[in-house]
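Chemist: Once you've had a glance at the structure underneath, I'll fire off some questions.
Numbering (full-length UniProt numbering), first residue to last: 1 to 317.
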C-alpha cells in the first residue's frame, strides 16, 4: 500500500510539473485571452464577499435581554447569526415555510399568553417540517415526545398520531412552556427546558449556584438553543438586513381547507379521498396525523379531517 501511495505521489508531482512548464510557455495572446475569460466567466466569484456581521443592539428573547456585553455571550450569539445568515438556502426555506405556518401558530400562542417569539422555537426544532421526526422519536413541527403528547391529551398510536396535527401540537407546546415558565421563573429558561426538560435545567441551576440561563455552563445543544432561537428571530424579522431577497410570490401559502367530521371507521382512505376530488397523497399532506391508509376508530371518536378547497390541485383521475 505504501509503495502504491509513493508511486501515485510521484505521478502527481510529474503532472503538476508538466502543467507548470506548459503554463510558462503560453504566448502573450494566450495570457490575454485567459485573463479575459476569467473576468467574463466568473463574475460571481470575483464579486463575492463574505462580511462580518454587526451585533444588533438590544437583542432579547420574549422581552428578556440577551447580555451581549459579556464576551462569551457575544461570541455565542455571533456564531449563530453567522451560521444562519450564511446558510442561505436553508434561510430562504425558513422564510418560505414561515409564511405558511406562522399564521397557524401565532394566534394559538396569543390565546395562551405565550410570547410570539416562541414561534421561532418551532423553526429550530423542526425547520417547520410537519413530518419531522428525530432519532429519539420527537415528532412534528414542535418535536413532541410520545409520552409528553399522551400526558397532554394527544392520541398517539400507530393509527393516529396527533403530534402531527399542527394546531393540537401547538396547544400542547403552549401548555408545556407555561408550566416551565411558572416553575423556572423566566421565558428564556422555559425555552431551554423545552430542549433539556424542566428537571434538567433546574438541576443544573442548583448544581452551579446560578439563576439565569446565560450564567449556566451547558452542553453543546442546550447551550446553543436559545441563541439559535434569537438568531432566527433576528434574521427572519429583517430579511433585507441579512441579504435575503425574495418576492411575496416566492413564499409558500397554506391551501384553504374545510373540515369533514368522521365518527366511524374508514376502511380505505384512497377511496375516501376520491369522494372529495382528491387523491390519497393530498389527503395525507393535509392530515399527516392519519398514519395508516385506514382509520380504526373502535371507540367512535369524532375526528375532523381537512379537505382542500377545490381548484388548488390538479389531480389525474
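Where is the CB? At the ideal position from N, CA and C, for every residue including glycine.
For residue 95, which of helix, strand or coil comes out of DSSP?
Modeler: helix
Chemist: Quick check on the burial criterion: 16 or more other C-beta atoms within 10 angstroms. Buried or exposed for residue 189?
Modeler: buried
Chemist: How would you write the range of the alpha helix (DSSP H) that residue 124 sits in, first residue to last?
Modeler: 119-126
Chemist: In whole angstroms, what separates the C-alpha of residue 251 from that of residue 240?
Modeler: Near 15 Å, if we compare the C-alpha coordinates of residue 240 and residue 251.
Chemist: Suppose you measure from the CA of residue 161 to the CA of residue 86; what does that come to, to the nearest Å?
Modeler: 36 Å
Chemist: Under DSSP, the alpha helix (DSSP H) around residue 176 begins and ends at which residues?
Modeler: 166-184
Chemist: For residue 139, which of helix, strand or coil comes out of DSSP?
Modeler: strand
Chemist: To the nearest angstrom, report how far apart residue 302 and residue 260 are at their CA atoms.
Modeler: 10 Å
Chemist: Identify, in the order they occur along the chain, each residue of the same chain with its Cβ nearer than 7 Å to the Cβ of residue 145, setting aside the five sequence neighbours on each side.
Modeler: 137 and 138
Chemist: Taking residue 116 as the reference, give the member of 271, 229, 304 and 243 with the closest Cα.
Modeler: 229
Chemist: Quick one: using the 10 Å Cβ neighbour count with 16 as the cut-off for buried, is residue 156 buried or exposed?
Modeler: buried
Chemist: When we look at the beta-carbon of residue 195 and count the other beta-carbons within 10 Å, is it buried (16 or more) or exposed?
Modeler: buried
Chemist: Find out if the Cβ-Cβ distance for the pair residue 227, residue 77 is shorter than 8 Å.
Modeler: yes
Chemist: The alpha helix (DSSP H) with residue 194 in it runs from where to where?
Modeler: 187-196
Chemist: DSSP beta-bridge partners for residue 226?
Modeler: In DSSP, residue 226 forms no bridge with anything.
Chemist: For the stretch 228-297, which segments carrying the beta strand (DSSP E) assignment without a break, of at least 3 residues, lie completely within its bounds, in sequence order?
Modeler: 257-262
Chemist: Name, in chain order, the residues that DSSP records as bridge partners for residue 61.
Modeler: 64
Chemist: Verify the CB distance criterion: does residue 192 have a CB-CB separation below 8 Å to chain D?
Modeler: Looking at the structure shown, chain D is missing, and only one protein chain is on hand.
Chemist: Based on Cα-Cα distance, which residue from 128, 165, 299 and 254 lies nearest to residue 264?
Modeler: 299
Chemist: With a CB to CB cut of under 8 Å and the five nearest residues on each side skipped, what residues in its chain are close to residue 280?
Modeler: Hits under 8 Å: 269, 270, 273 and 293.
Chemist: When you compare the CB positions of residue 121 and residue 231, do they come within less than 8 Å of one another, or not?
Modeler: no
Chemist: Figure out for me which residue from 192, 165 and 164 has the closest Cα to the Cα of residue 176.
Modeler: That would be 192, whose Cα lies nearest to the Cα of residue 176.
Chemist: Look at the alpha carbon of residue 51 and the alpha carbon of residue 94, and state the distance between them as a whole number of angstroms.
Modeler: 21 Å
Chemist: Along the alpha helix (DSSP H) that carries residue 146, what are the first and last residues, could you check?
Modeler: 146-151
Chemist: Where does residue 133 fall in DSSP's three states?
Modeler: strand
Chemist: Suppose you measure from the CA of residue 309 to the CA of residue 98; what does that come to, to the nearest Å?
Modeler: Taking the straight line joining both Cα atoms gives about 22 Å.
Chemist: Tell me, to the nearest whole angstrom, how far the beta carbon of residue 262 is from that of residue 290; I am working on the premise that it is less than 8 Å.
Modeler: Contact flag wrong, Cβ pair sits at about 10 Å.
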